[in-house]
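Asker:
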Amino acid sequence: MAGWSFLFDSQTTWPVVGTQWLIKCVHAEPGLQSQFIQTNSFQPSKVNAYLKQVVGFKEKLAVLMHITSGQPARAPKLLSIQHVNTETNQHCNIFIENGLVTLVTAYHKSFYVTNDLKIINQYVPCEVGELVVYYLWLVQPFVDQLEVWLKK
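This is how it looks when you write it as structure tokens:
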């Protein structure tokens, strides 16, 4: 189903609405306001600086996921992991199973010989999983909102 993710699953309960939490914090906290807003408007230079920091964080998070989830995946597999199903790809790869974040990929090197697709579950340590969940739940929606604002 397009749009499905553990983030939006009815069985997943969150203490705050992730799509709005950071933007509300920025508007409510004077310290955060000064980092993003001047004269009642977001400042493009400050937003771009923040987005650059987010890119650096995502790179570090990808490395953490890569080296802590067991046998390292090949770059194409690691870079193709998605957390939401799309119209063209109905297979998201990040799940929560028994409280642990798992990356699910398919191994098909011998598919044409065996006609058998091998599913690989790679669990990340709790600390790394928490970073993944917090990023996807709270930071990514904020980044999406900032990018839309920048395009206006």
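Per the working numbering, the very first residue in the sequence shown carries number 2; after that it's consecutive. Ideal Cβ positions, reconstructed from N, Cα and C, are used throughout, including at glycine.
Can you grab the Cα-Cα spacing for the pair G32 / L118, in whole Å?
Answerer: 51 Å
Asker: Look up L147 in the DSSP assignment and say whether it is helix, strand or coil.
Answerer: helix
Asker: Which residues share a DSSP beta bridge with F96?
Answerer: T103
Asker: On the three-pair Cβ rule with 8 Å, is the stretch 58 to 75 touching the stretch 122 to 129?
Answerer: yes
Asker: Rounding to the nearest angstrom, what Cα-Cα distance links K47 and E60 in this structure?
Answerer: Their backbone Cα atoms lie some 20 Å apart in a straight line.
Asker: Out of L132, P142 and E148, which has the shortest C-alpha to C-alpha gap to K25?
Answerer: P142
Asker: For the beta strand (DSSP E) that Y124 lies in, which residues bound it at each end?
Answerer: K119 to Y124
Asker: Tell me the residue span of the alpha helix (DSSP H) that contains E60.
Answerer: P45 to T69
Asker: According to DSSP, which residues form a beta bridge with I38?
Answerer: F43
Asker: Going by DSSP in three states, H84 sits in which element: helix, strand or coil?
Answerer: coil
Asker: What did DSSP end up calling V133 once you bin it into helix, strand or coil?
Answerer: The answer is helix: DSSP assigns V133 an H, G or I state.
Asker: For W150, which residues of its own chain have a beta-carbon under 8 Å away from its beta-carbon, when the five flanking residues on both sides are left out?
Answerer: F43 and V48
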